[in-house]
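Numbers 1 to 277, taken from full-length UniProt numbering, label the letters of the sequence shown in order.
First up is the structure itself, then whatever we jot down about it.
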Amino acid sequence: MGLAFQAQAEILPQAEVGIKIPLVKKPSTRPMTVAYLPANQHYYIADGGLAPLGSEFEAPISKSEVHAYTADGTYVNSAKPGFDNRSLYYNANSGKLETVTYNISSAVGFLPNTGIFSLEVNEKGEVLTSSGDVAQFNPAFGDAGTMPSYDPVSNRYFAKQERGNLVYVVDLKSREKVQEIKLDLNTPQVAHDDISDHFVGFSGVAGNELVLLDVDHKAVLIYDLNGQYVGKSELPKTMKLRAQNHYNGLGYSNGMLFVYHENEGEFGTYYGFRVVK
């Protein structure tokens, strides 16, 4: 009883806005996700979209860009590393900014190869077009569109599966999931199509590790690593969350859940919400 109360007390009943990043240029494809690089205190916003069909004039490389912003939301630059980004995160073990591409689970992908790649930034914090290989495709990630989150302590990924309550736990050394987490949707009284379809955030806070967006009820749901529902944090009811937030415009970084608010600003605005202490 005491432990349950302690975990519950770490969730903010009302989500607090930590930062707003108004986009200063039109997303190159779909606005997909956000990561924070502690070394230079910059945010990086990745778009996601499939590569065009190749031709004799053009290689089949994704046109999706990655955009750099400072800690106060000032635009720095954009670059096209060539990936259909699904997750962007800081890997504390490698010290690198890394991206998980669409179709991470299949060898039938688009050039450059599907998988996990490191993205390069310079001393000014500008994102570059150069990249490095981290891991090739891995069937353990499940759904092609999954937006996995990374835990640098266990060195594992959490990959939410579509149209359901399953989260696969993935170790890159294995070609099969090492664990399957079943999220309790009955206690918070939500249906699987109320929540973000492909995304689950990892907070790093013991007992409150997994973070999901409840689009229909404008709330953030918190779970432990056993899939037990811990509590929720309410989002501002004035926010107009669209159905696309089921599958893009989400990220968890720098202690905040990022949600893309398409209706604010010329090109939309990313809100960073603090939901767990």
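The beta carbon of each residue, even a glycine, is placed where N, CA and C say it ideally should be.
According to DSSP, residue i sits in a beta bridge with which residue or residues?
i, result
"residue 101", "85"
"residue 42", "37, 70"
"residue 147", "199"
"residue 220", "213, 233"
"residue 90", "97"
"residue 48", "30"
With distances taken Cα to Cα, identify the nearest neighbour of residue i among the options.
i, options, result
"residue 28", "159, 243, 66", "66"
"residue 184", "169, 49, 205, 165", "165"
"residue 95", "203, 134, 82, 226", "134"
"residue 139", "129, 146, 105, 172", "105"
"residue 16", "257, 263, 267, 24", "257"
"residue 50", "102, 38, 92", "102"
"residue 19", "26, 271, 277", "271"
"residue 269", "11, 33, 90, 12", "33"
"residue 298", "88, 152, 146", "Absent from the model: residue 298. The displayed extent of the chain is 1 to 277, so no value can be given."
"residue 168", "152, 187, 142", "142"
"residue 37", "48, 98, 47", "98"
"residue 115", "136, 132, 129", "136"
"residue 180", "172, 161, 187, 188", "161"
"residue 90", "25, 203, 21", "203"
Which stretch, first to last residue, makes up the beta strand (DSSP E) that contains residue i?
i, result
"residue 239", "Neither: residue 239 is in no beta strand (DSSP E) and is coded neither H nor E."
"residue 75", "75-79"
"residue 279", "Residue 279 lies beyond the range of the chain shown here (1 to 277); nothing can be said about it."
"residue 166", "166-170"
"residue 157", "156-160"
"residue 251", "250-253"
"residue 129", "127-136"
"residue 29", "Premise fails: residue 29 is in no beta strand (DSSP E) and is neither H nor E."
"residue 272", "269-276"
"residue 192", "No beta strand (DSSP E) contains residue 192, which DSSP labels as neither H nor E."
"residue 279", "Because the chain is modelled from 1 through 277, residue 279 falls outside the range shown and cannot be assessed."
"residue 259", "256-261"
"residue 182", "179-182"
Assess, as a yes-or-no matter, whether the region 231-241 is touched by the region 175-185 under the definition of 3 or more beta carbon pairs within less than 8 Å. no
When the Cβ atoms of the region 115-123 are set against those of the region 184-194, are three or more pairs found closer than 8 Å? no
For the region 31-45 against the region 67-80, do three or more pairs of beta-carbon atoms, one drawn from each stretch, fall closer than 8 Å, so that the two count as touching? yes
Specify whether the region 248-258 and the region 222-229 touch according to this definition: at least 3 beta carbon pairs, one from each stretch, less than 8 Å apart. no
Under 8 Å, with one C-beta from each stretch per pair, do the region 198-211 and the region 260-271 reach the 3-pair mark? no
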